[in-house]
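Undergrad:
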Amino acid sequence: MLKEADSYEEVYGSFAWEVPQFLNMGVEVCDKHADANGARTALIFENENGDVTQYSFQALKGLSNKFANLLNAKGLERGDRLGILLPQSMETGIAHLAAWKAGLISIPLFTLFGEDALKFRLSDSGARALVTDAENLGKIEAILGDLPDLEVVFVTGARRDGNAIVDLWQGLDAARNAFAPVNTGADEPAFISYTSGTTGNPKGALHAHRTMIGHLPGMEFPHEFFPQAGDLMWTPADWAWIGGLMNALMTAWYHGVPVLAHRARKFDPEHAVRLMARHQVRNTFMPPTALKLMREVENPAERFGVKLRTVAVAGEPMGAELLDWGRQALGVGFNEFYGQTECNLVTANCGRIMEARPGSMGRAVPGHRVEIIDADGNMLGPEEEGHIAVNSPDPVMFLEYWNDAEATKEKYLGDWLLTGDRGAKDADGYFWFLGREDDVITSAGYRIGPGEIEDCLVRHPAVALAA
Numbered sequence: 022m023l024k025e026a027d028s029y030e031e032v033y034g035s036f037a038w039e040v041p042q043f044l045n046m047g048v049e050v051c052d053k054h055a056d057a058n059g060a061r062t063a064l065i066f067e068n069e070n071g072d073v074t075q076y077s078f079q080a081l082k083g084l085s086n087k088f089a090n091l092l093n094a095k096g097l098e099r100g101d102r103l104g105i106l107l108p109q110s111m112e113t114g115i116a117h118l119a120a121w122k123a124g125l126i127s128i129p130l131f132t133l134f135g136e137d138a139l140k141f142r143l144s145d146s147g148a149r150a151l152v153t154d155a156e157n158l159g160k161i162e163a164i165l166g167d168l169p170d171l172e173v174v175f176v177t178g179a180r181r182d183g184n185a186i187v188d189l190w191q192g193l194d195a196a197r198n199a200f201a202p203v204n205t206g207a208d209e210p211a212f213i214s215y216t217s218g219t220t221g222n223p224k225g226a227l228h229a230h231r232t233m234i235g236h237l238p239g240m241e242f243p244h245e246f247f248p249q250a251g252d253l254m255w256t257p258a259d260w261a262w263i264g265g266l267m268n269a270l271m272t273a274w275y276h277g278v279p280v281l282a283h284r285a286r287k288f289d290p291e292h293a294v295r296l297m298a299r300h301q302v303r304n305t306f307m308p309p310t311a312l313k314l315m316r317e318v319e320n321p322a323e324r325f326g327v328k329l330r331t332v333a334v335a336g337e338p339m340g341a342e343l344l345d346w347g348r349q350a351l352g353v354g355f356n357e358f359y360g361q362t363e364c365n366l367v368t369a370n371c372g373r374i375m376e377a378r379p380g381s382m383g384r385a386v387p388g389h390r391v392e393i394i395d396a397d398g399n400m401l402g403p404e405e406e407g408h409i410a411v412n413s414p415d416p417v418m419f420l421e422y423w424n425d426a427e428a429t430k431e432k433y434l435g436d437w438l439l440t441g442d443r444g445a446k447d448a449d450g451y452f453w454f455l456g457r458e459d460d461v462i463t464s465a466g467y468r469i470g471p472g473e474i475e476d477c478l479v480r481h482p483a484v485a486l487a488a
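Taking our numbering, I'd label the letters of the sequence shown as residues 22 to 488.
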């Protein structure tokens, strides 16, 4: 954990990584809390009808143990892959926990994916098992014949008892509640998060169990020394995205903080405000697009009683207008941070100890060395534009691209991981995103990032949203 201090320099200078030789994410985010205080609330799930169910860490431990036993009973072994095609739900959480405790590799998959996108990811990963729900089962049945490695599909909400498609809850009910987690090494694979580039097929970023430790300072920093008493986390971001999975769900659970889960067909800003007020959400990770839509809600804090402590923002640059709106309408500052699937949460703002500079991604998160470099790997000076790069080794970095050694090699320049983004760093160490390598605009000799244009557009009273 970060040590609270009164300046960035003190916090950065006092941090040191402590990554053990052996580490299991399922144990770290669930079992250790269940063993210490089993009744502690881990998950609050509100369904589309407004019905609420709470799950303790003890309950999640038992359910994930059952699922791990079920996976082993179906023949899955250490290193095998489990696809998870589910929305925010308890089943999503226990599927990841079960996979990790059994030494498997989980693969989060968006429920919005069509058949082709799912077929590529499941085929490329060689997934032997998948868990999904009745709503998404049809897409899987349509491609099952093209996936020879996929031996078993667990489904919720549909009664199936065949060899290939199995009723998850029927299997869990029959499984044993006790399970001895695999003693995985910190560098052993834990999950594959697929990321799409501008060209070619998606690439599977393979992450190790140590990435759990690697994510902690980058989550604690923008949430202003998380956790604090009374904290409760929610994000509208899908847990199939590394942002939803690791920036919110698993990092909160690591600290024993309850997480609110809710499945919504689409983002409704007033519904989101009411949801946060109803459950007394204190911390949220929000994509800027969601925050921009929330501006449609008049006086959200005053009308609905929202009492947020922290708002962390990432995914695209955030302008001055959005920052000002947050302070006025929600009574809280927004802390922008930066990362990517392969190397997440490496720069951030922390309003508790840092000056807010609209549009900046903040400074290097404690534990990470981030610089702007040129094409030869040389560090550039203040205000000089170049590649945003992260020095390796680093616990949050991915292991490799699954089945793509050449792409893995191209991701690095010497000891620097290249993010593929261009930026600059000012004299005070604040980073500024200028755009992807291929979407920076040149006009009259000036290089202009899309974020600057969007910020300019939304200042006009006739413009509600620019993205």
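Glycine included, each C-beta is placed from N, C-alpha and C at the ideal position.
Owing to the predicted nature of the structure, the values given are computational and were not obtained by experimental measurement.
Name the residue from F36, L44, E67 and M46 whose alpha carbon lies nearest to the alpha carbon of A293.
TA: To locate residue 293, count along the sequence shown from 1; it is residue 272. For A293, the nearest C-alpha among the options comes from E67.
Undergrad: Could you tell me which residues DSSP pairs with R457 in its beta bridges?
TA: Numbered from 1 along the sequence shown, position 436 holds the residue referred to as residue 457. For R457, which the question treats as bridged, DSSP gives the partners D442.
Undergrad: Report buried or exposed for I474, applying the criterion of at least 16 other Cβ atoms within 10 angstroms of its Cβ.
TA: Here residue 474 refers to the residue found at position 453 of the sequence shown. Label assigned to I474: exposed.
Undergrad: Bridge partners of T11, per DSSP?
TA: Residue 11 is absent from the structure shown; the chain starts at 22 and stops at 488.
Undergrad: Measuring CB atoms only, is the segment 45-64 touching the segment 255-274, in the sense that at least three cross pairs come out at less than 8 Å?
TA: Yes: the two stretches touch, three or more of their Cβ pairs being nearer than 8 Å.
Undergrad: To the nearest angstrom, report how far apart D449 and V332 are at their CA atoms.
TA: Here residue 449 refers to the residue found at position 428 of the sequence shown. Here residue 332 refers to the residue found at position 311 of the sequence shown. Taking the straight line from one Cα to the other gives about 23 Å.
Undergrad: Can you list, in chain order, the residues of its chain with a C-beta nearer than 6 Å to that of A385? Leave out the 5 residues immediately preceding and following it.
TA: Along the sequence shown, read from residue 1 onward, the residue named residue 385 stands at position 364. Cβ neighbours of A385 beyond the five flanking positions: T368 and V391.
Undergrad: Is it buried or exposed for Q109, if we count other Cβ within 10 angstroms and need 16 for buried?
TA: The count along the sequence shown starts at 1 and reaches residue 109 at position 88. Under this definition Q109 is a buried residue.
Undergrad: Relative to the C-alpha of N90, which residue among A123, D101 and R61 is closest?
TA: Taking the first residue of the sequence shown as 1, we reach residue 90 at position 69. Considering only alpha carbons, the answer is A123.
Undergrad: With N370 as the anchor, note down where its beta strand (DSSP E) starts and where it stops.
TA: Translated into positions along the sequence shown, residue 370 becomes position 349. Neither: N370 is in no beta strand (DSSP E) and is coded neither H nor E.
Undergrad: Quick one: does F452 have its CB under 8 Å from some CB of chain C?
TA: In the displayed structure, chain C is absent; only one protein chain is listed.
Undergrad: If you follow the beta strand (DSSP E) that N412 is part of, which residue opens it and which one closes it?
TA: The residue you call residue 412 lines up with position 391 of the sequence shown. G407 to N412 is the span of the beta strand (DSSP E), which, as asked, contains N412.
Undergrad: State yes or no: is the C-beta of L107 within less than 8 Å of the C-beta of D154?
TA: One-based indexing of the sequence shown puts residue 107 at position 86. One-based indexing of the sequence shown puts residue 154 at position 133. Yes, Cβ-Cβ distance for L107 and D154 is below 8 Å.
Undergrad: For E112, which residues of its own chain have a beta-carbon under 8 Å away from its beta-carbon, when the five flanking residues on both sides are left out?
TA: Here the question's residue 112 lines up with position 91 in the sequence shown. Counting only Cβ-Cβ distances below 8 Å, and skipping sequence neighbours, we find V152, D154, T177 and L189.
Undergrad: So is R265 buried or exposed if we call it buried at 16+ other beta carbons inside 10 Å?
TA: Walking along the sequence shown from the start, residue 265 turns up at place 244. Correcting the residue identity first, residue 265 is Gly in this sequence and not Arg. Looking at its Cβ environment, which holds 16 or more other Cβ atoms inside 10 Å, G265 is buried.
Undergrad: Look up W190 in the DSSP assignment and say whether it is helix, strand or coil.
TA: The residue given as residue 190 occupies position 169 in the sequence shown. The answer is helix: DSSP assigns W190 an H, G or I state.
Undergrad: So H228 and S214 are supposed to be a Cβ contact under 8 Å. How far apart are they, rounded?
TA: Against the sequence shown, residue 228 aligns to sequence position 207. Against the sequence shown, residue 214 aligns to sequence position 193. Yes, they are in contact, since the Cβ atoms of H228 and S214 sit about 7 Å apart, within 8 Å.
Undergrad: For my contact list, V40 and A207 are in at a C-beta cut-off of 8 Å; report their separation, rounded to the angstrom.
TA: Taking the sequence shown and counting its residues from 1, the one referred to as residue 40 is at position 19. Taking the sequence shown and counting its residues from 1, the one referred to as residue 207 is at position 186. The Cβ separation is near 5 Å, so the contact holds.
Undergrad: Give me, in chain order, the residues of the same chain whose beta-carbon lies closer than 8 Å to that of E406; leave out the 5 immediate sequence neighbours on both sides.
TA: Along the sequence shown, read from residue 1 onward, the residue named residue 406 stands at position 385. Cβ neighbours of E406 beyond the five flanking positions: I393, R443, G444, A445, L455 and R468.
Undergrad: So, does the segment 134-152 touch the segment 283-298, judging by three or more C-beta pairs under 8 Å?
TA: Touching, no, given that fewer than three Cβ pairs across the two stretches are closer than 8 Å.
Undergrad: Where does the unbroken alpha helix (DSSP H) through M10 begin, and where does it stop?
TA: This structure cannot speak to residue 10, because the chain is shown only from 22 to 488.
Undergrad: I'd like to know whether the C-beta atoms of I126 and R102 end up nearer to each other than 8 Å.
TA: For the purposes of this step, residue 126 is taken as the residue at position 105 of the sequence shown. For the purposes of this step, residue 102 is taken as the residue at position 81 of the sequence shown. Against a cut-off of 8 Å, the Cβ pair of R102 and I126 comes out as a contact.
Undergrad: Let me check one thing: in DSSP terms, what residues is S28 bridge-paired to?
TA: Here residue 28 refers to the residue found at position 7 of the sequence shown. S28 pairs with nothing; no bridge assigned.
Undergrad: Do the CB positions of G515 and G336 come within less than 8 Å of each other?
TA: No statement about residue 515 is possible, as the shown extent of the chain runs from 22 to 488 and does not include it.
Undergrad: Taking all protein chains shown into account, decide if V302 is buried (16 or more other Cβ within 10 angstroms of its Cβ) or exposed.
TA: Here residue 302 corresponds to residue number 281 of the sequence shown, with the count starting at 1. When all chains shown are included, V302 counts as buried.
Undergrad: By the three-class DSSP mapping on this structure, what secondary structure does A163 have?
TA: The residue labelled residue 163 in the question sits at position 142 within the sequence shown. It is helical.
Undergrad: Would a C-beta distance cut-off of 8 Å place P308 and A258 closer than the cut-off?
TA: Along the sequence shown, read from residue 1 onward, the residue named residue 308 stands at position 287. Along the sequence shown, read from residue 1 onward, the residue named residue 258 stands at position 237. Yes, the pair counts as a contact, with Cβ atoms nearer than the cut-off.
Undergrad: Is the separation between the beta-carbon of I81 and that of C51 shorter than 8 Å?
TA: Looking up residue 81 in the sequence shown gives position 60. Looking up residue 51 in the sequence shown gives position 30. The amino acid at residue 81 is misidentified as Ile; the sequence shows Leu. Against a cut-off of 8 Å, the Cβ pair of C51 and L81 comes out as a contact.
Undergrad: Identify, in the order they occur along the chain, each residue of the same chain with its Cβ nearer than 8 Å to the Cβ of G435, setting aside the five sequence neighbours on each side.
TA: For the purposes of this step, residue 435 is taken as residue 414 along the sequence shown, with counting starting at 1. Same-chain partners within the cutoff: G398.
Undergrad: Can you list the alpha helix (DSSP H) stretches of 4 or more residues lying completely in the segment 300-349, in chain order?
TA: Complete alpha helix (DSSP H) runs here, min 4: 309-315, 321-325 and 341-346.
Undergrad: Identify the continuous alpha helix (DSSP H) that holds L23 and give its terminal residues.
TA: For this step, residue 23 is matched to residue 2 along the sequence shown. Run containing L23: none; DSSP gives neither H nor E here.
Undergrad: Which partner residues of F247 appear in the DSSP bridge assignment?
TA: In the sequence shown, the residue the question calls residue 247 occupies position 226. For F247, which the question treats as bridged, DSSP gives no partner whatsoever.
Undergrad: For the alpha helix (DSSP H) that H236 lies in, which residues bound it at each end?
TA: As a working mapping, residue 236 is identified with position 215 in the sequence shown. Run containing H236: T232 to E241, per the alpha helix (DSSP H) assignment.
Undergrad: Name the residue from L143, E25 and A119 whose alpha carbon lies nearest to the alpha carbon of P505.
TA: Shown here, the chain extends from 22 to 488; a query on residue 505 therefore has no answer.
Undergrad: Which residues share a DSSP beta bridge with T216?
TA: To locate residue 216, count along the sequence shown from 1; it is residue 195. Answer is K224.
Undergrad: Quick one: any contact between the segment 229-245 and the segment 414-423, if contact means 3 or more CB pairs under 8 Å?
TA: Yes, they touch.
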